[in-house]
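Q: Handing you this structure, nothing more for now.
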Amino acid sequence: MKIQFNIEYSTFYGQDIILNLVTNKHKGELETAQYRMHTTDGYHWSVEINKDLTPDTTLEYFYSLEEGDRETRREWAVLLHRVEFSAEQANTYHVYDHWNVIPENAFLYSSAVTNCVFNKEQEKVKKQKYNKTITLKVRAPQLGTGDVLNISGSNPLLGAWNVKKALPMTQHNINEWVIDINATTLLPGSLDFKFFVSNKDKKNYTLWENRNNRTIDVMPMEDGHTVVIELEEADFSMPPVRVAGTLVPVFSLRSNNSFGIGDFGDLKKMIDWVSLTKQRALQILPINDTTITHTWTDSYPYSCISIFALHPQYADLTQLPALKDAKKKKQYETVRKELNALSQIDYERVNNTKTAYLHDIFEQEGKKTLESKKFKDFFKEEQEWLVPYAQYCSLREKFGTADFSKWETNKQWNEADRNALTSPKEEAFKEVCFYYYVQFVLSTQLKEVHEYAQAHNVILKGDIPIGVNRYGCDVWTEPRYFNLNGQAGAPPDDFSINGQNWGFPTYNWDEMIKDNCRWWVRRFQNMSKYFDAYRIDHVLGFFRIWEIPIHSVHGLLGQFSPALGMSREEVEGYGLKWQEEFFTEPFITDWILDRIFGEHANEVRNKYIEPLWGDRYKMREAFNTQRKVEEAFKGKETPTDIWIRDGLYALISNVLFVRDHKNWHLFHPRITAQLSLIYESLYDCDKDTFNRLYNDYYYRRNNQFWYQEAMKKLPKLINATRMLVCAEDLGMVPDCVAWVMNELKILSLEIQSMPKDPKVRFGYLAQNPYRSVSTISTHDMSTLRQWWDEDWDRAQAYFNGMLQQGGPAPHPLPGWLARDIVSRHLNSPSMLCILGIQDWMSIDEQLRLKDANAERINVPANPKHYWRYRMHISIEELMNRHDFTSNIVDLVCSSYR
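Numbering (full-length UniProt numbering), first residue to last: 1 to 897.
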């Protein structure tokens, strides 16, 4: 069969349009056959190919632009072009396409909308026997549940504008409708038509598209020819999709059957509650394995050891076969009840006990499971990451540490080990197969949760952490992707005046970009097996990451990486005379020592520093980095020790500029240097000059550079799946972040108490962009009730100014007022309004915890925070709180979400 592809695209000399026919899809990656197209005018491009095709065959493809042998642009490939060969009499197809850019309403093509909110179903195009066929294709993403697209036109074939004689179309692709028209009797000329929507469940419902009649030119056609025309997207006046949802970590869930921590079975029950309350989204925190030390410090869910492996603590043991050992079964049940009665998670006991249970059930059921077809299919699909992960876990236990640099053998993954680790007859396989089994159980359970959510029209939203643990399996397996001589974190903000040091290695983006960010693409595609939406944690990290020297504890001596450092000549160009030692070495004088250490100043002079000249000092060699100070004060926890330790940290950070980590001759103004004592020592004129330099550097100098950095990475990642893309874009946000998010149609995060407009104290909810997620608080913030009582002056300003209430603000926050705040957020224009379970409960004074502080999930200023918050009532009890449920239903429905 001959197929001629045609597209109009303006090019200049040296550019070529390439047709990419998809030949295979594997794990979301496309294998294609490429055909170079031809043009005579640089605008009209075509290529003819011959394929041995039969009716019912489908071809998918996309177009790309090349300059020489380098691809410089490709279409939005989340939704590929598709042609279905339904004409049995056809021998030649003429296909007319247009170049697909990412549409403004890209969110309507996400699986969150098509598979969850609307549950749209695709149909196969019926075969037809026309001698001549015109096939019309059009995308209509606004259509909802039960909606059908119809075509009506002036020609009798299209019903002569009679709605009852109009032709229904077939949704053959995601949001794309198609119809085959018998062109045998059509005379050459123009064909006028228009689309309208009907609904299977609404009698006499007709909604016409917002435009003038469409027209195509019918050209003379030969027998056996089919012309396929891809039309511009249809547009209908339909209400925008707006969804309400709940955020709760899986570990925080509590049910009658929990094992002291939430699990994937509880997640199903939570979906029931979300659905019952007319919400349509459930957001969770990361659920990857974080097992490093087997202690409570592993409770930090953003410090994963594998971007693929799920945490064993989330296994729902009730879904596994019952233990046959009656004594053990009784013992486990006793411990389960004890752990489940605790107000908070006992992370160590929960994990130790659940791991022991999994070992016991593996001894009982493992052999049969590993021989099953379901397991073998799972293993075939996942073994690329699963095999090294299992060996990593085995070696971690064998050597008693996750620090693989201290292992006696296997300090790095060796691909040559794979054969033995995948052969059931080998001893190596027997040593690791328990970890295969556990991941099979977890993946199976979470996929069932995902399917359950879709069946209940609930969007399950996951979370992709920006970093990985430096001692984790990912670093052990593919170290080339990481910079281990730095630490990722965040610059100072309202939550942490010293910045945040997460301890993660930073990414070697140069190496990642070499293979088109394959590591990240695989990560996103793996997420799409379980979720229909996701939150990109710290999206700013894709523009630049806050990189902290390995010798630092705090984040103040960090710098954005990559960033355009400043030469000393540039600094002097602003009018600030360059003084390298003064600007870059810790500025320590007697008045600074007295200010920081008070009565302990002499002890510091005698033990930790040594004189230079005048009243200037420098740190002694044994204490000249924060890590050395940290080591020296290990185990010393008296108020005096902490005072001196933190004061020494401050001394070491007391610089005006930090050297570039890669180029010793470039410098970066130290973050928040205006709060430092060295800044205080400057003349006023030098302070003004430094401030001008500082603002240029952080808010203007790098904008275009960071934009280009993000566009090397993010388009590849968001186009890797159909999940709805949301981003956490809080913090020190450069202008270029909004440019990229708008260009790629990523949903922003809007928090009224943290407005992006620096000129206002609180954001105006009515001004939230539609393409955004509105919330009151995140897992890193105080809950609504905590926020209300932390700063009474701030609460008063919010009460009078934003809520337009008179008089003094009541404390603690009453339920009726919390309900008003929740209602206002739900009524914002944001596509998603997702509130933490604690903020939902704040509206019911009989339901919520008496102690608001017990509801806090995380304190980001504390890098060793114990993540152990649990809901104080079970999901079963929550389902039976009919007054609370009705209250939420009323709020959601009245906001038209």
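No residue lacks a Cβ here, since even glycine has one placed at the ideal position from N, Cα and C.
1. Quick one: which unbroken beta strand (DSSP E) runs of 3-plus residues sit fully inside the region 545-585? Chain order, please.
2. Do the region 68-84 and the region 156-168 make contact, defined as three or more Cβ pairs closer than 8 Å?
3. Give the DSSP bridge partners of L136, in chain order.
4. Per DSSP, W208 forms a beta bridge with which residues?
5. P586 and I652: beta carbons closer than 8 Å?
6. Given a threshold of 16 other Cβ atoms within 10 Å of its Cβ, counted over all protein chains shown, does S343 qualify as buried or as exposed?
7. Taking N410 as the reference, which of E384, P424, P388 has the closest Cα?
8. Is the beta carbon of P812 sitting closer than 8 Å to the one on A854?
9. Determine contact between the region 615-629 and the region 703-718, defined as no fewer than three beta-carbon pairs at a distance below 8 Å.
10. Rounded to whole angstroms, what is the Cα-Cα separation between T422 and R868?
11. Please determine if the region 145-152 and the region 95-108 are in contact, where contact requires at least 3 C-beta pairs separated by less than 8 Å.
12. With DSSP run on the structure shown, which of helix, strand or coil describes L724?
13. Quick one: what's I17 bridged to in DSSP?
14. Express the C-alpha separation of S753 and Q559 in angstroms, rounding to a whole number.
15. At 3 residues or longer, what runs of the beta strand (DSSP E) sit wholly inside the region 264-331?
16. Going by CA-CA distance only, name the one from E84, K124, W76 that's closest to T135.
17. Quick check on DSSP: helix, strand or coil for L817?
18. Would you identify the three-state DSSP class for L878, choosing helix, strand or coil?
19. Excluding the five sequence neighbours on either side, which residues of its own chain have a C-beta within less than 6 Å of the C-beta of F842, listed in chain order?
20. Enumerate in chain order the residues of its own chain whose CB-to-CB distance from Y248 is below 6 Å, with the five nearest sequence positions on each side excluded.
21. Between the Cα of N887 and those of L593, P860, K850, D820, spot the shortest distance and give me the residue it belongs to.
22. In three-state terms, what does DSSP make of H450?
23. Among Y9, V539, M566, whose alpha-carbon lies nearest the alpha-carbon of L666?
24. Using the three-state DSSP reduction, which class does W867 fall into: helix, strand or coil?
25. Please tell me whether D793 and F495 are closer than 8 Å, where the distance is taken between their beta carbons.
26. For G462, which residues does DSSP report across the bridge?
27. Which runs of the alpha helix (DSSP H) spanning at least 4 residues fall entirely within the region 599-683, listed in chain order?
28. Report yes or no: do three or more beta-carbon pairs, one from the region 700-712 and one from the region 607-617, lie closer than 8 Å?
29. Quick one, are the C-beta atoms of L556 and G467 less than 8 Å apart?
30. Mind the definition here: the region 14-27 touches the region 35-49 only if three or more C-beta pairs lie below 8 Å; say whether that holds.
31. Taking 7 Å as the limit between beta carbons, can you name the residues of its chain near L826, skipping five residues before and five after?
32. Where DSSP assigns a beta bridge to P168, which residues make up the other side?
33. Quick one: Cα of K759 to Cα of E637, how far?
34. Residues in the same chain with beta-carbon distance under 6 Å from S676, minus the five sequence neighbours each way, listed in chain order, please.
35. Which whole-angstrom value is the C-beta distance of L797 and R761, which I expect to be below 8 Å?
36. Tell me the residue span of the beta strand (DSSP E) that contains Q412.
A: Looking at the atomic coordinates:
1. 545-549, 559-561
2. Counting Cβ pairs under 8 Å, fewer than three are found: no touch.
3. I179, I229
4. F196
5. Less than 8 Å divides the Cβ of P586 from the Cβ of I652.
6. So S343 counts as exposed.
7. P388
8. At least 8 Å separates the beta-carbon of P812 from that of A854.
9. Cβ pair count under 8 Å is below three, so no.
10. 37 Å
11. no
12. Per DSSP, reduced to three states, the secondary structure at L724 is strand.
13. L65.
14. 27 Å
15. 281-283
16. E84
17. helix
18. helix
19. In the sequence as presented, Phe is not what sits at residue 842; that position holds Ser. Excluding positions up to five away in sequence, the list reads L784, R785, A818, R848.
20. This sequence places Val at residue 248; Tyr is not what is there. Only I837 meet the Cβ criterion.
21. D820
22. In this structure, H450 counts as helix in the three-state DSSP scheme.
23. M566
24. coil
25. no
26. Y534
27. 601-607, 626-632, 639-652, 677-680
28. By the Cβ test, the region 700-712 is not in contact with the region 607-617, since fewer than three Cβ pairs between them sit closer than 8 Å.
29. no
30. yes
31. For L826, the CB contacts under 7 Å within the same chain, skipping 5 residues up- and downstream, are A244, C833, L891, V892, S895, R897 in chain order.
32. N150
33. 42 Å
34. Here the set comprises N654.
35. Note on identity: in this sequence residue 797 is Ala, with Leu being the wrong assignment. Confirmed, Cβ separation roughly 7 Å.
36. Segment: none, Q412 is in no beta strand (DSSP E) and carries neither H nor E.
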